[in-house]
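Structure first, then comments.
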Amino acid sequence: MKDHQASVNSTPSPLRPTITRKKKEIDHEIDHEIGHEIDHEIGHEIGHEIDYEIAVLSLGVNKYDCRKSMGILKDSYVRACLPLLKQVR
98 MKDHQASVNS TPSPLRPTIT RKKKEIDHEI DHEIGHEIDH EIGHEIGHEI DYEIAVLSLG
158 VNKYDCRKSM GILKDSYVRA CLPLLKQVR
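If you want the working numbering, it's the position in the sequence shown, counting the first as 1, plus 97.
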């Protein structure tokens, strides 16, 4: 019985190439989607930085003072600094 089971397990399945190909296609698609997500997040963060720089340059508020006084995370600079920026106007 063990000899029969061993021979069955060692016989390559005719589906193995199809399964391997499908797995590679799925892995490729996952990598592709992850790449889109990463690109989107990078673009989003760059957008925050650009918005913040425009606000700082156009209204003349020192961005380091703004960050320090608000004690906030980087991606919240614009929202947190808006009241300060409006005062400068």
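Every residue, glycine too, gets a C-beta built ideally from N, C-alpha and C.
When the Cα atoms are used, I131 and H125 turn out to be separated by approximately 10 angstroms. A straight-line Cα-Cα distance of about 33 angstroms links R118 and G140. In the structure shown, L154 adopts helical secondary structure according to DSSP, grouped into three states. When only Cα atoms are considered, H129 and I147 end up about 27 angstroms apart.
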